[in-house]
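What follows is a single structure, written as structure tokens, with notes after it.
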Amino acid sequence: MSCLGWLGIPLLIQSSRIRILTWMFFIVLGIPSYTPRLLSINIRGSLGSMSSRGTLYTEVASTTPDVVTWTGRVSTQASEPYKRNLFLQRLYEEEESLNMINEIRGSNNGSQSEYEDKDITECLENGVQFWTDYSKVHYHPRSLYELNGVWAHVEEFDNYGIGRDSFAWAAQGEEIGDRLRFFVEECDHIQGFQFVVDDSGGFSAVASEFLENIVDEYTNIPVLLYAVQGSGSRTNLQSRKRAVLEDLHDAVSFSRLSSYCKLIVPVGLPSLSKSKASRFLHIEDAKHYHSSAVYAAALHSISLPFRMVPVGPTADACSVSGAVDVHGVVQMLSGQGRQNMVSVLDVAMPAPALTGEQNELSLLEILQPLTPQIAEDVEDMQAIEHMTVHGALASEGHRASVGEVKDTVDAAFRCANTRPMFCHLSVALSPLPIPLPFPSIFGNNVGQHGELMSGQITNSSPKGSLDIHSIPMAARLRSSSIVLPLLESKLRNLHQFGIQRGAAGAELLRSWGFGQEELVEMEEMLSKMVAALHPPQLSSDSD
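Here the UniProt record's numbering is used: the first residue of the sequence shown is 1, the next is one more, and so on.
Put into structure tokens, the structure is as follows:
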């Protein structure tokens with residue numbers, strides 16, 4: 001399908017001091033020359049052993065000393081490179097001798113190949129340390145940039161202040177901007193910038209600096225930002241000082257990031273394994289390998305309409321429907337009505353069949369939030385939604401047509417107790433493929449093509465890519481007042497711990513470089529977000 005034929009070019013910023021602090025930008029360019037382009041910028045950590053030249057586990061290029069005028073003795077300390085796991089070993093072998101590997105595979109029987117794949121999945125399930133452990137992408141050399149002078153370990157790079165101290169746009173920003181500009185100039189038209197930011201630590205400060213530059217340089221291009229935190233990033237057993245630091249970091253990070261985007265989507269539940277979104281999944285919260293797969297699948301699904309080719313009047317419309325670009329989604333969710341710029345991300349993974357015994361809940365009811373701290377059972381008559389359904393199954397495992405999906409969703413809205421003011425629906429026939437390195441997170445009632453099977457299954461081992469080839473998916477962005485608890489919590493923490501007289505975190509914020517005027521501006525911005533979603537108060541004055 002043309003809507004899936006896209007080329008991903010990542011721009012990655014990593015620390016030259018440690019391999020686990022990285023900043024990654026996915027620049028997604030449409031292959032068809034007439035397709036609008038989307039720049040997707042992804043900020044993440046845990047690099048592993050990636051070379052700054054864009055390949056995995058290659059020789060490290062020679063570097064010049066940080067201080068070129070030093071004439072004395074130089075002591076160099078080098079760490080041992082990380083050993084390739086089985087998945088990367090096989091990728092490396094396939095690249096080195098693809099033809100020979102194909103001949104060997106042709107002479108092997110199926111059981112040998114299955115055994116090798118089983119070893120690989122078990123190795124990944126028990127040994128993933130970095131996202132590069134299961135990545136098979138080749139990176140463009142200009143997509144890699146090293147941040148010099150960062151000595152902190154990833155566990156210590158955990159607040160806005162340390163990120164702000166580690167990055168200075170005046171010193172490093174020009175080169176980063178030039179690298180982004182290189183990819184921008186390759187586009188004939190840009191839909192928008194799509195950021196995925198780890199805002200649980202210092203990278204939120206780095207992202208804020210970069211976002212500010214993008215907003216200044218590309219004034220008319222919308223920014224869609226996903227502020228992501230991993231499961232279990234907050235613990236209950238911590239000191240009050242640590243709790244204040246984390247609450248202030250979350251409030252400051254959210255306020256700063258949201259000031260440089262048109263639409264922000266908080267993503268990341270405290271415990272994904274205990275959430276309703278994991279109804280058909282087996283998630284271990286301690287493994288980011290698990291939770292990141294769920295979040296990545298949801299982001300892939302909700303952004304699928306950006307990669308659809310708009311259907312013309314004479315084109316075959318049987319495979320996709322509802323193509324929309326980044327500007328359209330941003331304008332839809334935040335540019336009308338209350339102009340709420342904070343949306344909720346929901347997912348159904350896998351999505352249920354449209355009809356059949358397993359269809360206990362409708363597609364609308366089975367969508368569950370991946371956004372934390374939201375209200376439940378809130379009726380919002382001004383809600384606006386953008387929904388994507390792809391690879392949906394009809395009864396007995398048959399793929400549903402685009403028309404069947406649209407009719408089912410329309411019928412579900414008609415029967416629902418509450419319905420949004422407006423909902424845009426995008427549909428595609430293609431399901432979500434489950435590649436070999438995908439984690440084993442599916443329950444035993446999930447079939448080979450994502451169908452939900454009835455009956456009790458005694459085997460409790462979760463399923464992975466060897467058992468499941470693809471799954472139907474549904475994802476939704478909601479602009480709704482259900483985000484009020486999240487916004488009110490950040491506003492309350494900023495005022496209580498950072499602004500009011502004698503605040504416990506006042507000195508901490510000063511050490512991060514924030515003055516009282518900046519903090520008041522953050523408070524005013526959060527207050528406006530809260531006020532926009534509060535229902536209008538009826539006057540008690542008599543006429």
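The beta carbon of each residue, even a glycine, is placed where N, CA and C say it ideally should be.
Short of 7 angstroms from the beta carbon of residue 322, and not among the five residues preceding or following it, lie these beta carbons of its own chain, in chain order: 305, 424, 425, 426 and 427. Under the three-state reduction of DSSP, residue 388 is assigned to strand. The beta carbon of residue 302 sits closer than 8 angstroms to the beta carbons of 345, 386, 388, 475, 476 and 477 from its chain, once the five residues preceding and following it are set aside; these are given in chain order. For residue 161, the uninterrupted alpha helix (DSSP H) run begins and ends at 160-166, by DSSP. Going by beta carbons, residue 441 and residue 469 fall outside the 8 angstroms limit. Pairing residue 157 with residue 202 gives a Cβ-Cβ distance under 8 angstroms. Under the three-state reduction of DSSP, residue 367 is assigned to coil, being neither helix nor strand. Shown here for residue 229: same chain residues with a beta carbon closer than 6 angstroms to its own, the five before and five after excluded, namely 200 and 268 in chain order.
Within 10 angstroms of the beta-carbon of residue 274 lie fewer than 16 other beta-carbons, which makes it exposed. Beta-carbon to beta-carbon, residue 337 and residue 384 are separated by about 7 angstroms, close enough to satisfy the 8 angstroms threshold.
The C-alpha of residue 397 is placed about 8 angstroms away from the C-alpha of residue 353. Remark: C-beta atoms of residue 499 and residue 523 approach each other more closely than 8 angstroms. Bounds of the beta strand (DSSP E) holding residue 473 are 473-479. Counting only residues of its own chain and dropping the five nearest sequence neighbours on each side, residue 508 has a CB closer than 7 angstroms to the CB of 245 and 248.
DSSP places residue 120 in no beta strand (DSSP E) but in the uninterrupted alpha helix (DSSP H) bounded by 110-127. Note on residue 129: under 16 other CB atoms within 10 angstroms of its CB, so exposed under the neighbour-count rule. For residue 423, DSSP records a beta bridge to 385.
In this structure, residue 341 lies near residue 264, with their beta-carbon atoms less than 8 angstroms apart. Remark: C-beta atoms of residue 204 and residue 253 approach each other more closely than 8 angstroms. Contact between the stretch 526-533 and the stretch 477-492 is present: 3 or more CB-CB pairs across the two stretches fall below 8 angstroms. Listed in chain order, the non-local C-beta contacts of residue 164 below 7 angstroms within the same chain comprise 205, 512 and 513, local neighbours out to five positions each way being set aside. Under the three-state reduction of DSSP, residue 271 is assigned to coil, being neither helix nor strand.
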